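Working notes for the structure below.
Residue numbers (the numbering used here), protein chains in the order written: chain Y, 1 to 114; chain W, 115 to 228.
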């Protein structure tokens, strides 16, 4: 049972455009939603995270939008740059993912064309 | 501050053998988690240790086991290797303060079972 569904699987965006990746979750006990970025040969690195008491969080060019009633959240990358080309994973957990572990989406392979 | 260190980076084993992977967490981090990453299943939680105690375990067979030492370093062991165990094994550490300490991942150990 896939508890976090991520789409699209792959995405090509022109430099300067907006990249949008969507995720939906099933478990209403989840209360922590991070996004991770992974480059080839590296482990995932935390980009930004949100809790359900806010509907949006912005850090630089990265924004998470959260819709609690729809059980959906999304990552927007503004002014996308070739250096943003990577695989992005959404995740969900209870209490931040230490003891409970993170449940990850299947990932989105993002390519930013120059 | 040094990041999460995993050794070795690459391993090739034969079906039926066993393997031990090692992880050194970030200094001061007492929680260590292990994840399996494959193209088909994505990132899946294996187990988590805190103060030498396993607090949580994912849905993996008993062939997968781990332990944590008093210095927070951790090892995971896979016995009776199967071809399907070929994957990138990622270790992550955290201070384990709920919502305030994200998981920091190492670059993984790439295990190939032939």
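Note that beta-carbon positions come from the ideal geometry of N, C-alpha and C, so glycine has one too.
Remember, it's a predicted structure, so these values are computed and weren't measured experimentally.
Query	Result
Along the segment 70–102 of chain Y, where does the CB come closer than 7 Å to a CB of chain W? Name the residues.	89, 95, 96, 97, 98, 99, 100, 101, 102
At 7 Å on the CB atoms, spell out the chain W contacts of residue 104 (chain Y), in chain order.	156, 157
Starting from residue 125 (chain W), trace the beta strand (DSSP E) both ways and give me its first and last residue.	124–127
Which residue from Y:16, Y:6, Y:18 puts its Cα closest to that of residue 33 (chain Y)?	Y:6
Under 8 Å between the Cβ atoms of residue 21 (chain Y) and residue 80 (chain Y)?	no
Per DSSP, which one or two residues make a beta bridge with residue 181 (chain W)?	W:189
Could you name the residues of the same chain whose beta carbon sits closer than 8 Å to that of residue 222 (chain W), not counting the 5 residues immediately before and after it, in chain order?	120, 123, 151, 202, 203, 204, 205
Considering residue 41 (chain Y), what are the terminal residues of the beta strand (DSSP E) in which it resides?	Taken as a continuous stretch (DSSP letters only), residue 41 (chain Y) belongs to no beta strand (DSSP E), as it is neither H nor E.
Return the CA-CA distance between residue 67 (chain Y) and residue 54 (chain Y), expressed in angstroms with no decimal places.	9 Å
Determine the DSSP secondary structure at residue 82 (chain Y), reduced to helix, strand or coil.	helix
On the DSSP letters alone, give me the boundaries of the beta strand (DSSP E) that residue 161 (chain W) sits inside.	156–164
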